[in-house]
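Visitor: First, the structure itself, so that you have it in front of you.
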Amino acid sequence: MRNALAAEALLMRKRLAPLVVGGTWIVLVVAFGFGVPYIVYATLDPVTKAADRAALLDLLLPSAAHTTAAGSYPLFGGAIMLILGVLVTGPEYRWGTWPARLSQGPGRTQVVLAKVLAGAVVVVVIAVAALAASMVTSVVVALVEGQPLTWPAAGAVAASLGVAVFISVAWLSLGAALGVIFRGVGTALGVGLVWTLGLENALSGLAGVVPALEPVRAVLLGPASGSLVAALGVPSLSEGGAVGVGEYMSGPVACAVLLAYTAAGLAVATVLIRRRDIT
Amino acid sequence: MTDHQDVRPGSTTAAPVVVELANVTKAFGAVQAVRGVTLRVEPGQVYGLLGPNGAGKTTLMRILLGLVRSDAGTVRVLGEPPGDPRTLRRIGALIESPAFVPHLSGRVNLQVLARARGLPDAEVDRVLRVVDLEGAADRRVTGYSLGMRQRLGVAGALLGEPSLLILDEPTNGLDPEGTAAMRSLIRDMAAHATVLLSSHLLGEIQQVCDRVVVLDKGEVVAEDSVSELLSRAGERTVVLEAQPADLTEKVLKANDAWSGATRDDSSWRLELDGAGVPALVRALVEAGVEVHEVRRERRSLEEVFFALTGDHHPVRSGT
Numbered sequence: 001m002r003n004a005l006a007a008e009a010l011l012m013r014k015r016l017a018p019l020v021v022g023g024t025w026i027v028l029v030v031a032f033g034f035g036v037p038y039i040v041y042a043t044l045d046p047v048t049k050a051a052d053r054a055a056l057l058d059l060l061l062p063s064a065a066h067t068t069a070a071g072s073y074p075l076f077g078g079a080i081m082l083i084l085g086v087l088v089t090g091p092e093y094r095w096g097t098w099p100a101r102l103s104q105g106p107g108r109t110q111v112v113l114a115k116v117l118a119g120a121v122v123v124v125v126i127a128v129a130a131l132a133a134s135m136v137t138s139v140v141v142a143l144v145e146g147q148p149l150t151w152p153a154a155g156a157v158a159a160s161l162g163v164a165v166f167i168s169v170a171w172l173s174l175g176a177a178l179g180v181i182f183r184g185v186g187t188a189l190g191v192g193l194v195w196t197l198g199l200e201n202a203l204s205g206l207a208g209v210v211p212a213l214e215p216v217r218a219v220l221l222g223p224a225s226g227s228l229v230a231a232l233g234v235p236s237l238s239e240g241g242a243v244g245v246g247e248y249m250s251g252p253v254a255c256a257v258l259l260a261y262t263a264a265g266l267a268v269a270t271v272l273i274r275r276r277d278i279t
Numbered sequence: 280m281t282d283h284q285d286v287r288p289g290s291t292t293a294a295p296v297v298v299e300l301a302n303v304t305k306a307f308g309a310v311q312a313v314r315g316v317t318l319r320v321e322p323g324q325v326y327g328l329l330g331p332n333g334a335g336k337t338t339l340m341r342i343l344l345g346l347v348r349s350d351a352g353t354v355r356v357l358g359e360p361p362g363d364p365r366t367l368r369r370i371g372a373l374i375e376s377p378a379f380v381p382h383l384s385g386r387v388n389l390q391v392l393a394r395a396r397g398l399p400d401a402e403v404d405r406v407l408r409v410v411d412l413e414g415a416a417d418r419r420v421t422g423y424s425l426g427m428r429q430r431l432g433v434a435g436a437l438l439g440e441p442s443l444l445i446l447d448e449p450t451n452g453l454d455p456e457g458t459a460a461m462r463s464l465i466r467d468m469a470a471h472a473t474v475l476l477s478s479h480l481l482g483e484i485q486q487v488c489d490r491v492v493v494l495d496k497g498e499v500v501a502e503d504s505v506s507e508l509l510s511r512a513g514e515r516t517v518v519l520e521a522q523p524a525d526l527t528e529k530v531l532k533a534n535d536a537w538s539g540a541t542r543d544d545s546s547w548r549l550e551l552d553g554a555g556v557p558a559l560v561r562a563l564v565e566a567g568v569e570v571h572e573v574r575r576e577r578r579s580l581e582e583v584f585f586a587l588t589g590d591h592h593p594v595r596s597g598t
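Chains as they are written, first to last, in my numbering: chain A, 1 to 279; chain B, 280 to 598.
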């Protein structure tokens, strides 16, 4: 396993995909977590909308930067990490490198686990970088608005980071499985993104008006991610928070769903790679 | 290194077997890629796989690496079932066209493979020297020529000085100089390893291999040492040059054993075993024919191959 992980870590370090995906995500977090809300804040009438402005500004200051960053994960963060997951396994089919990858010594299970584990390390780095970028942005907002620099508790920052990583790994694992299921990148991305941004949202939205669909929503990855972020105290969209955040299920149930997706993604990818002929 | 002993599975031999397949079968859907293949590769041999498109050569190689599972039969590679992790570290392989991460350098691609085997980066430098690719090692693979990719693929197969090298079309894309160098390299490698190679260049198999198996439609149609195969396939063909042609023709037609002779100007080709030649010469001389020459025709491996497979087209890399 150590050799497989060393190989996959080197491959991941040298590839462009983690940089592109990570860079894109950091830009999105800063733009949609801070940039757009700040524009809204700046355009609100200071007299008639003073309360809304104050609430919005609170989310953009250093004391809330960690939760604001985490609030970006349930919808767009999930989609981005799913893309990363697909790029962990899918390109090996396009490059035709699976035979070489699987004939060096490490077993098939080890190679798949090493790939996802290397991806998980990248996810941690991306989450830390996104958090750091959020903190820097919030400091800029505080300085521009003349607000005091109040820092969040270290435990709260660690919890936000943990939630971000937990959510990201679940989506990464799902993406890795899709890359293997569809033996490539294109179809896996298409199906994954349509499901994530389309069907999951539609089902989740419909569950709000059709109670029969609530059990379905309870096993969806997006709502589980949103519920876990909500458990951090991040407000939902209706409360002026981020898209996808909501208390659809309790924190422990959300954790169980995320764990189940992580395990299922790994299991599907591993079983398929083990069972299939590599041609 | 040529081996003339009976090395069929089940026979008694003291030498450890590197590769042993017994009645191996593999189908992809309705396509039967390998049908009851039985073969045995002894240590130190350079063993050739020959066959037209779809003969099952690459499938067999994939089976040996555990990439493809056989449907039936027994497979042992270095004494273990195929795909065994410890065994895989002792095998170097180049299957079909070498595949690499295109936007990474040749060196990094090899480093990824080396780390998977637990080898240091110095081993990468060594194999790059062996295939004479040091100068281009830090260039992206996407800018490599086909020949350079092929050499990089061979370099990957050489990592860790494996006991068994499985090379599928190793000279594919190489220029004549590169082909000669690769041939020499394969011979050098055979000093430390057993080599199993497929090639569409029959002359190459003839020059490099000790033993050869000819596959057609997934079946073994011949398996022997190269010299035996050539000898066996050529031993019955006799070329006769004689005058006058009409009298010669008359003598040949008079005997059922010779009546199948084919004529080309003043020479005839006929199938005849060793004992039949004196009788033919005697009959011709007694009839007043001037016998200018009687010789055995030695076929090239290419002709043997076409005769065995019934193929009339040049062989290309296959399934």
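Beta carbons: idealized from backbone N, C-alpha and C, even for Gly. Remember, predicted model here, so these are calculated numbers, not experimental data.
Could you name the residues of the region 92-110 of chain A whose beta carbon sits closer than 7 Å to any beta carbon of chain B, in the order they occur along the chain?
Guide: Residues passing the 7 Å Cβ filter: W95, G96, T97, P99, A100, L102, S103, Q104, G105, P106, G107.
Visitor: When DSSP labels each residue in this structure, what does B/N302 get in the three-state scheme?
Guide: B/N302: strand per DSSP, three-state reduction.
Visitor: Under the three-state reduction of DSSP, which class applies to B/P295: helix, strand or coil?
Guide: Note: B/P295 maps to coil in three-state DSSP.
Visitor: Verify the CB distance criterion: does B/R405 have a CB-CB separation below 8 Å to chain A?
Guide: No, no contact with chain A.
Visitor: Residues bridged to B/W547 by DSSP?
Guide: DSSP lists B/L519, B/R542 as partners of B/W547.
Visitor: For chain A, is any of its Cβ atoms less than 8 Å away from the one on B/L383?
Guide: B/L383 counts as touching chain A.
Visitor: Can you grab the Cα-Cα spacing for the pair B/H592 / B/N332, in whole Å?
Guide: Note that B/H592 has pLDDT 42, beneath the 50 cutoff, so the model's placement of it is unreliable and the number below is only indicative. Taking the straight line joining both Cα atoms gives about 10 Å.
Visitor: Would you kindly work out how many angstroms separate the C-alpha atoms of A/I222 and A/A188, rounded to a whole number?
Guide: The question names Ile, but residue 222 of chain A in the sequence shown is Gly. C-alpha separation (whole angstroms): 18 Å.
Visitor: Below 8 Å on the Cβ atoms is my contact criterion, and I expect A/A231 with A/G71 to pass it. Report the Cβ-Cβ distance as a whole number of Å.
Guide: In fact, because the Cβ distance is near 12 Å, the residues do not count as touching under 8 Å.
Visitor: The beta strand (DSSP E) with B/V492 in it runs from where to where?
Guide: Note, B/V492: beta strand (DSSP E), 490-495.
Visitor: Please report the residue range of the alpha helix (DSSP H) in which A/V257 lies.
Guide: Counting along the chain, the alpha helix (DSSP H) containing A/V257 begins and ends at 251-275.
Visitor: For the region 392-421 of chain B, which residues have a beta carbon sitting closer than 7 Å to at least one beta carbon of chain A?
Guide: Taking 7 Å as the Cβ-Cβ cut-off against chain A, the residues of the region 392-421 of chain B that qualify are L392, R394, A395, R396, G397.
Visitor: At what residues does the beta strand (DSSP E) containing B/L476 begin and finish?
Guide: Its beta strand (DSSP E) spans residues 473-477.
Visitor: Determine the chain D residues that contact A/T150 at a beta-carbon separation under 8 Å, and present them in chain order.
Guide: The question asks about chain D, but that chain is absent: this structure's protein chains are A and B.
Visitor: In this structure, how does DSSP classify A/S63 when only helix, strand and coil are distinguished?
Guide: Correct three-state label for A/S63: helix.
Visitor: Helix, strand or coil for A/Y93, going by three-state DSSP, please let me know.
Guide: Looking at A/Y93 - three-state DSSP - the assignment turns out to be helix.
Visitor: Might you give, ordered along the chain, the residues of its own chain that have their beta carbon closer than 6 Å to the beta carbon of A/V124, omitting 5 neighbours on each side?
Guide: The answer, listed in chain order, is V165.
Visitor: Do A/I167 and A/L237 have their C-beta atoms within less than 8 Å of each other?
Guide: For A/I167 and A/L237, no; Cβs fall outside 8 Å.
Visitor: At least one CB of chain B closer than 8 Å to the CB of A/K115: is that the case?
Guide: Judged by the 8 Å Cβ criterion, A/K115 is not in contact with chain B.
Visitor: Excluding the five sequence neighbours on either side, which residues of its own chain have a C-beta within less than 7 Å of the C-beta of A/I26, listed in chain order?
Guide: If we look at A/I26 and ignore the five residues flanking it on each side, its Cβ neighbours are A129, A130, A133.
Visitor: With which residues is B/G327 paired in a DSSP beta bridge?
Guide: DSSP, once it has assigned bridges, lists B/L476, B/V491 as partnering B/G327.
Visitor: Residues bridged to B/L563 by DSSP?
Guide: DSSP, once it has assigned bridges, lists no residue as partnering B/L563.
Visitor: Is B/E569 helix, strand or coil by DSSP?
Guide: Strand at B/E569.
Visitor: I'd like the span of the beta strand (DSSP E) that includes B/E502, first residue to last.
Guide: Start and end: 498-504.
Visitor: With 16 other CB atoms within 10 Å as the buried threshold, where does B/D495 fall?
Guide: B/D495 comes out buried.
Visitor: Can you give me the Cβ contacts of B/G426 inside the same chain, cut-off strictly under 8 Å, excluding the 5 residues immediately before and after it?
Guide: Closer than 8 Å at the Cβ level, and outside the excluded window around B/G426, lie G452, L453, D454, G457.
Visitor: Would you mind sorting B/H471 into buried or exposed? The rule is 16 or more other CB atoms within 10 Å of its CB.
Guide: Looking at its Cβ environment, which holds fewer than 16 other Cβ atoms inside 10 Å, B/H471 is exposed.
Visitor: Buried or exposed: B/E299, going by 16 or more other Cβ atoms within 10 Å of its Cβ?
Guide: That one is buried.
Visitor: Rounded to the nearest angstrom, how far is the Cβ of A/R183 from that of A/Y93, given a contact under 8 Å?
Guide: Between A/Y93 and A/R183 the Cβ distance is about 5 Å, and since that is below 8 Å, they are a contact.
Visitor: Would you call A/I39 buried or exposed, if buried means 16 or more other Cβ atoms sit within 10 Å of its Cβ?
Guide: Exposed, since its Cβ has fewer than 16 Cβ neighbours within 10 Å.
Visitor: So if I threshold CB-CB distances at 8 Å, which residues from the region 148-182 of chain A count as touching chain B?
Guide: Answer set for the region 148-182 of chain A: empty.
Visitor: Could you give the first and the last residue of the continuous beta strand (DSSP E) run that contains B/T353?
Guide: Here the beta strand (DSSP E) through B/T353 covers 351-356.
Visitor: What does B/L300 reach in chain A if we use C-beta pairs closer than 8 Å?
Guide: The contacting residues do not exist; B/L300 stays about 17 Å from chain A at best.
Visitor: Where do the ends of the alpha helix (DSSP H) carrying A/Q284 lie?
Guide: Since the first residue shown for chain A is 1 and the last is 279, residue 284 of chain A is missing from the structure and cannot be characterised.
Visitor: Any idea what DSSP makes of B/V409, helix, strand or coil?
Guide: Helix at B/V409.
Visitor: Does DSSP classify B/F379 as helix, strand or coil?
Guide: Of the three classes helix, strand and coil, the one that applies to B/F379 here is coil, per DSSP.
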